[in-house]
Amino acid sequence: MPELPEVETTVRGLTPVLHGQRLTLVEPRRADLRKAIPVDLRQRMQGAVVTGLGRRAKYGMIDTDRGDTMIFHLGMSGRWRVDPADLLAHDHLLIETAAGRRLALNDPRRFGFLDLLPTADLPAYPAFAAMGPEPLGDDLTAAGLMRALEGRSAPIKAMLLDQRIVAGLGNIYVCEALHMAGIAPSRAAGQISSTRLARLVEAIRAVLMAAIDAGGSTLRDFAAPDGELGYFSKQFLVYGREDEACACGGPVHRQTQAGRSTFWCPRCQRT
DNA sequence: CCGACAACCTGACGGC
DNA sequence: TGCCGTCAGGTTGTCG
39 MPELPEVETT VRGLTPVLHG QRLTLVEPRR ADLRKAIPVD LRQRMQGAVV TGLGRRAKYG
99 MIDTDRGDTM IFHLGMSGRW RVDPADLLAH DHLLIETAAG RRLALNDPRR FGFLDLLPTA
159 DLPAYPAFAA MGPEPLGDDL TAAGLMRALE GRSAPIKAML LDQRIVAGLG NIYVCEALHM
219 AGIAPSRAAG QISSTRLARL VEAIRAVLMA AIDAGGSTLR DFAAPDGELG YFSKQFLVYG
279 REDEACACGG PVHRQTQAGR STFWCPRCQR T
């Protein structure tokens with residue numbers, strides 16, 4: 039379930055395997071994920087040395103000493119397998135390092151993709167160019183969020199899923215953050231007070247950081263042979279808990295907004 | 001500008 | 001046991 043925390047955990051897990059390493063094998067196993075894998079990916083990545091790894095929203099980035107950055111997006115079902123004993127179905131990219139480590143990018147649904155471009159061109163990358171502030175760090179502020187939502191009548195739930203408003207939130211953490219902030223998901227985004235937006239910003243940070251912390255504890259598994267990576271097993275307060283008891287005692291509701299399930303507690307979350 | 005919806009693709013799960 | 005419908009973390013595009 040790769041939203042921002044899972045991608046962050048993934049990048050942190052990949053870093054000790056890849057950073058400073060020469061890639062002795064970079065082998066696409068099929069040409070088509072959601073987008074076509076760049077035809078020159080192998081040629082440009084194989085033999086290069088990884089000089090850094092990073093994350094923007096839900097995108098992972100691997101920089102090389104050739105001035106390239108490989109971008110990976112995990113879609114709905116993507117994950118990196120570390121030192122796999124055998125190849126599985128849906129292992130779409132293989133990487134081997136000079137130190138003898140192996141990685142396999144596995145993505146059954148193929149909603150994810152790989153891309154490759156000069157590092158200098160990253161700011162102009164279409165997915166990044168219009169992207170909103172990162173929720174961790176100082177870029178996301180209540181004042182900035184208020185400006186972005188000003189005059190918008192769409193439900194706050196839909197606005198928070200829009201990567202141009204805040205980068206990296208997905209269905210799970212939007213539900214969780216709105217619950218933590220006590221805001222009903224159907225509330226018109228432009229009509230939320232600055233006080234409550236400030237609470238929302240803090241809730242977004244808190245829920246993402248808690249998820250990253252919990253994911254970090256699975257990094258032990260990451261290092262194990264065939265380890266799973268980046269799957270966050272936190273107990274959500276509302277997501278996936280329709281009809282269960284909220285902490286307040288009331289039942290968690292589920293409704294569909296913009297084609298996606300919203301979980302929320304009408305007692306805790308005001309309109 | 002907005003919401004609803006479909007599309008992409010596979011796997012897991014519940015009901016019968 | 002097996003078949004069928006439903007649903008799932010994301011993104012992108014169309015239509016009204």
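Residue numbers (our numbering): 39 to 309. A virtual CB, placed ideally from N, CA and C, is assigned to each residue, including glycine.
When DSSP assignments are scanned along the region 90-159, the uninterrupted stretches of beta strand (DSSP E) that are 3 or more residues long and fall wholly within it turn out to be 97-102, 106-111, 117-120, 129-135, 140-144, 151-156. Around the Cβ of Q293, a 10 Å sphere holds fewer than 16 other Cβ atoms; the residue is exposed. Taking a contact to require three or more Cβ pairs closer than 8 Å, the region 113-127 and the region 170-181 do not qualify as touching.
Beta-carbon to beta-carbon, E65 and L141 are separated by about 11 Å, too far to satisfy the 8 Å threshold. In the three-state reduction of the DSSP assignment, H217 falls in the helix class. The three-state reading of DSSP puts P66 in strand, counting E and B together. DSSP, reduced to helix, strand and coil, places F274 outside both helices and strands of the structure shown, so it counts as coil. Secondary structure of V87 (DSSP, three-state): strand. Annotation for P304: A222, G288, H291 place their beta carbon closer than 8 Å to its own, counting only its chain and skipping 5 residues before and after. Between L42 and L207, the CB-CB gap stays under 9 Å. Between A136 and L61, the C-beta gap is smaller than 9 Å, which places the two residues in contact.
In this structure, the beta-carbon distance from I100 to V88 falls below 9 Å. For the 9 Å CB-CB criterion, Q81 and L63 do not form a contact. Assignment of beta-bridge partners to R308 by DSSP yields I221.
Rounded to whole angstroms, G228 and L152 show a C-alpha spacing of 36 Å. The three-state secondary structure of T47, taken from DSSP, is helix.
Spatial neighbours of D129 in its own chain (CB-CB distance under 8 Å, excluding positions within 5 residues in sequence) are listed in chain order as R67, R119, P122, A142, L143, N144. Put simply, the backbone Cα of L56 is about 44 Å away from that of I230. Nearest in C-alpha terms to C284, of all of G189, E240, G220, is G220. Separation of T53 and T309 (C-alpha to C-alpha, rounded to the nearest whole angstrom) is 43 Å.
In the three-state DSSP reduction, T300 falls in the strand class (E or B). Taking 3 residues as the minimum length, the region 158-238 contains no beta strand (DSSP E) run wholly inside it. When secondary structure is reduced to three states using DSSP, L71 falls in the coil class, being assigned neither helix nor strand. When the Cα atoms are used, D159 and L275 turn out to be separated by approximately 40 Å. DSSP places Q81 within a helical segment (H, G or I) once states are collapsed to three.
Listed as beta-bridge partners of L56 by DSSP are no residues whatsoever.
Between the region 191-198 and the region 166-175, the count of Cβ pairs shorter than 8 Å is below three; the stretches do not touch.
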